[in-house]
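Using the working numbering, you'd call the opening residue of the sequence shown number 83 and step up by one each time.
No residue lacks a Cβ here, since even glycine has one placed at the ideal position from N, Cα and C.
The structure presented is a predicted model; accordingly, all values stated were derived computationally and were not measured.
Notes for the one structure printed next.
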Amino acid sequence: MSDALPTTHPNPGYFLDITIPTEVKRLSEQYLFVKAVFDNPNFFPSAIDQTKVRRVLDVAAGTAAWSLDLADQPFASSYELFASDITLSKFPSADVLKRAGITPFVQDVTQPFPEEMKGTFDVVHASALVVALTTDGWNSMLRNVYKVLAPGGYLILTESDFLLYGASDTLPPDGVAHDVQTCMDGSNAIHAMNNILVGLALERGFVIGLSILLRDMLSDASYSILSRQRALCPLGGRSETVKSVRGNSLSRFRKSSFGNLYTQLDGVTRWLLEKLELEAPRGV
Numbered sequence: 083m084s085d086a087l088p089t090t091h092p093n094p095g096y097f098l099d100i101t102i103p104t105e106v107k108r109l110s111e112q113y114l115f116v117k118a119v120f121d122n123p124n125f126f127p128s129a130i131d132q133t134k135v136r137r138v139l140d141v142a143a144g145t146a147a148w149s150l151d152l153a154d155q156p157f158a159s160s161y162e163l164f165a166s167d168i169t170l171s172k173f174p175s176a177d178v179l180k181r182a183g184i185t186p187f188v189q190d191v192t193q194p195f196p197e198e199m200k201g202t203f204d205v206v207h208a209s210a211l212v213v214a215l216t217t218d219g220w221n222s223m224l225r226n227v228y229k230v231l232a233p234g235g236y237l238i239l240t241e242s243d244f245l246l247y248g249a250s251d252t253l254p255p256d257g258v259a260h261d262v263q264t265c266m267d268g269s270n271a272i273h274a275m276n277n278i279l280v281g282l283a284l285e286r287g288f289v290i291g292l293s294i295l296l297r298d299m300l301s302d303a304s305y306s307i308l309s310r311q312r313a314l315c316p317l318g319g320r321s322e323t324v325k326s327v328r329g330n331s332l333s334r335f336r337k338s339s340f341g342n343l344y345t346q347l348d349g350v351t352r353w354l355l356e357k358l359e360l361e362a363p364r365g366v
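Listed below in structure tokens is the structure:
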């Protein structure tokens with residue numbers, strides 16, 4: 083596997099930008115996994131009336147997987163669909179996007195959108211920005227997205243707390259912050275993986291524990307939270323026992339969920355080793 087450095091990405095802080103084919107595969111599998119975990123048969127959250135939606139924007143779209151999935155939904159056949167990201171390198175070909183009716187464009191979410199887009203989108207979607215945005219980046223992103231929403235429009239966010247727990251660990255109740263330092267300290271494999279991934283994320287200024295911290299950021303940017311759902315994403319063997327939000331099996335993701343984590347760790351550790359910056363886990 084090629085050792086493309088994270089600094090080749092237009093966002094120099096983003097550290098999961100492994101080789102393009104590998105990252106496209108990882109992101110595509112991640113989308114299908116997270117979709118299965120939340121297991122929403124209606125695609126949109128229940129607060130959104132599908133019949134009143136006309137224009138939809140997928141920001142920081144990555145592989146445009148969400149946009150393509152939406153384009154396949156019968157109820158969305160008349161929607162105007164747009165997808166943007168800081169780079170379109172992971173998007174499918176122009177022919178694929180055209181057939182799906184998706185208009186792509188380059189956009190850094192921390193910068194203002196074109197003036198002609200202000201107040202025009204009924205729905206904006208964003209996901210997996212946990213290792214792409216600092217606190218300042220999140221605040222800018224939320225303000226910029228708010229400005230392109232039509233009156234009464236909706237922002238759909240799907241994010242991760244970006245912390246690993248072992249099968250025997252007790253997760254904090256909803257609304258209680260993670261003890262990030264404890265998750266990183268120690269000598270077992272889970273601590274080591276958190277030490278590498280979370281440690282690097284914190285070093286870059288990214289926000290760990292978004293399920294709690296996003297509430298205040300959304301409020302400060304003038305959003306009202308209409309619905310919220312928290313779910314556990316099981317990796318590897320845990321997918322045999324942990325079910326989706328609606329109680330359905332996730333066992334088909336046993337291999338790909340662990341492979342997703344391995345790909346992240348492999349790319350990051352290779353890069354850190356090359357820079358002679360990979361440290362022993364805390365507690366060793």
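query: Relative to the C-alpha of D243, which candidate in L314, G201 and S301 has its C-alpha closest?; result: L314
query: From T89 to N277, what distance separates their C-alpha atoms?; result: At T89, the pLDDT of 41 sits below 50, so the modelled position is not reliable; the number obtained from the coordinates is stated separately. Spanning the two alpha carbons is a distance of roughly 21 Å.
query: If the criterion is Cβ atoms closer than 9 Å, does the pair I184 and A210 meet it?; result: no
query: Threshold first: 3 residues or longer. Then list the beta strand (DSSP E) segments lying entirely within the stretch 160-238, N to C.; result: 162-167, 184-188 and 203-209
query: Go through its chain and collect everything with a Cβ distance to P254's Cβ below 8 Å, but skip five positions before and after it.; result: H260 and D261
query: Quick check: the stretch 298-312 against the stretch 216-227, are at least 3 beta-carbon pairs closer than 8 Å?; result: yes
query: By Cβ distance below 6 Å, which residues in the same chain neighbour F187 in space, the five residues on each side in sequence not counted?; result: S166
query: Please determine if the stretch 168-181 and the stretch 196-205 are in contact, where contact requires at least 3 C-beta pairs separated by less than 8 Å.; result: no
query: Out of curiosity, what's the CA-to-CA distance linking R137 and R181?; result: 17 Å
query: Write down the C-beta distance between L239 and L231 rounded to the nearest angstrom, noting that I regard them as a contact closer than 8 Å.; result: The Cβ separation is near 13 Å, so there is no contact.
query: If G235 sits next to D256, beta carbons under 8 Å apart, how far is it from one beta carbon to the other, in whole angstroms?; result: Rounded, the Cβ-Cβ distance is 27 Å, inconsistent with contact.
query: Apart from the five residues just before and just after D121, which ones in its own chain have a Cβ nearer than 7 Å to its Cβ?; result: S326, V327, R328 and N330
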